[in-house]
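Novice: This is the structure I want to talk about, given as structure tokens.
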Amino acid sequence: YLLSLWVSRIDYIWALISAVLVMSPEGKDAQDLSLTRIKGNIIGCLVGVLFLFAALENPVNIIAGAFVSLMLCYAFNLVAGARSTLVALIITLMHTESVDYWGAAATRVAAVVAGCAIALLVTNFFHSFLRLEYSETNS
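Residue 640 is where the sequence shown starts when you use the numbering used here, and the numbers rise one by one after that.
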């Protein structure tokens, strides 16, 4: 929310959804999983923007975009990030009441990227903190 006050073009709801999907609260591979999900989000946003150029109607653009996004996740070995990919795609392709589809899509892409950055910072902070606490208690 504070980020949306600082940068007015970021819709904090989409950033929050993106952050929740990217964060991995537990496990030794949490940071790797978060990075995989961030890569998936980037694929979803890029495919979403490309499908805006195609000017297909909903739900055809979402179905075709989902197919392309999932194939790209498979090709780049990012299947663990497929759920995040699909959510980022849908967030990007959702139409609003506004006439400016490109502006709305750009705002959503910025929100997804901001959410990914926040999730990565939170994941790194907590896993570094918990790892430090764990090593002190075992000494």
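For each residue, glycine too, the CB sits at the ideal point set by N, CA and C.
(1) Would you mind reading off the limits of the alpha helix (DSSP H) that contains L732?
(2) According to DSSP, is F715 helix, strand or coil?
(3) For S767, does the count of other Cβ atoms within 10 angstroms reach 16, so buried, or fall short, so exposed?
(4) Can you tell me whether W741 is buried or exposed? The criterion is at least 16 other CB atoms within 10 Å of its CB, across all chains shown.
(5) Measuring straight from C-alpha to C-alpha, what distance separates S778 and Q670?
(6) Are V707 and V686 touching if we call contact CB-CB under 9 angstroms?
(7) Between the alpha carbons of L674 and A756, how many angstroms are there, rounded?
(8) Buried or exposed: which applies to M662, given that a residue is buried once 16 or more other Cβ atoms fall within 10 Å of its Cβ?
(9) In three-state DSSP terms, what is N763?
(10) How would you label N716, buried or exposed, when you count the other beta carbons within 10 angstroms and need 16 or more for buried?
(11) So, at 8 angstroms on beta carbons, what are the nonlocal neighbours of V688 in its own chain, with the 5 sequence-adjacent residues on each side left out?
(12) Provide the residue span of the alpha helix (DSSP H) that contains D671, from first to last.
Specialist: Taking the structure as given:
(1) 721-732
(2) Taken through DSSP and simplified to helix, strand or coil, F715 comes out as coil.
(3) exposed
(4) exposed
(5) Because the pLDDT of S778 is 47, which lies under 50, any placement of that residue in the model is unreliable, and the number read from its coordinates should be weighed accordingly. If I take the Cα positions, the gap works out to 24 angstroms.
(6) yes
(7) In a straight line, the C-alpha of L674 is about 10 angstroms away from that of A756.
(8) Buried is the label assigned to M662, since at least 16 other Cβ atoms lie within 10 Å of its Cβ.
(9) helix
(10) exposed
(11) T731, A744, V748
(12) 669-693
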